[in-house]
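Asker: Below is one structure. I have some questions about it.
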């Protein structure tokens, strides 16, 4: 049997071909995994900010209806996203402050209404998270 026919009759990949594919997969994983980790952190921060925006809506609605702010809401009016801790609400002389955390992140986010800022929030009514 001629040599070129015997090579064509063999099927499969060589060890070198398999190693090259594994190196390529490793390089792609090295690039992709940090991107996914950053995306997860952004999602956690977005959920904390959304919860603070919802809290601001509920606080202002409560204040209009009851002529003052509150530090707690029934769960039928306001609940936080799964994993979000808090909110910790403090009533100030002319408004309120609140902050939340997340079990999946070391960062916290805050919001305030009035003239008493709560770090890291610097603009009234705008949630902001620690860098």
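Residue numbers (this note's numbering): 941 to 1071. The beta carbon of each residue, even a glycine, is placed where N, CA and C say it ideally should be.
Kindly identify the DSSP beta-bridge partner or partners of residue 1040.
Answerer: 1049
Asker: Which value, in whole angstroms, describes the spacing of the CA atoms of residue 1019 and residue 955?
Answerer: 56 Å
Asker: How about residue 1048 and residue 1057: are their beta carbons less than 9 Å apart?
Answerer: Between residue 1048 and residue 1057, the C-beta gap is not smaller than 9 Å, which leaves the two residues out of contact.
Asker: Could you check if residue 951 is buried or exposed, using at least 16 other CB atoms within 10 Å of its CB as the buried criterion?
Answerer: With fewer than 16 other Cβ atoms within 10 Å, it is exposed.
Asker: Measure the CB-CB distance between residue 987 and residue 1024 and report whether it falls below 9 Å.
Answerer: yes
Asker: Do residue 984 and residue 1038 count as a contact pair if the criterion is CB distance below 9 Å?
Answerer: no
Asker: Any chance the segment 1026-1036 sits against the segment 1004-1015, with 3 or more Cβ pairs inside 8 Å?
Answerer: yes
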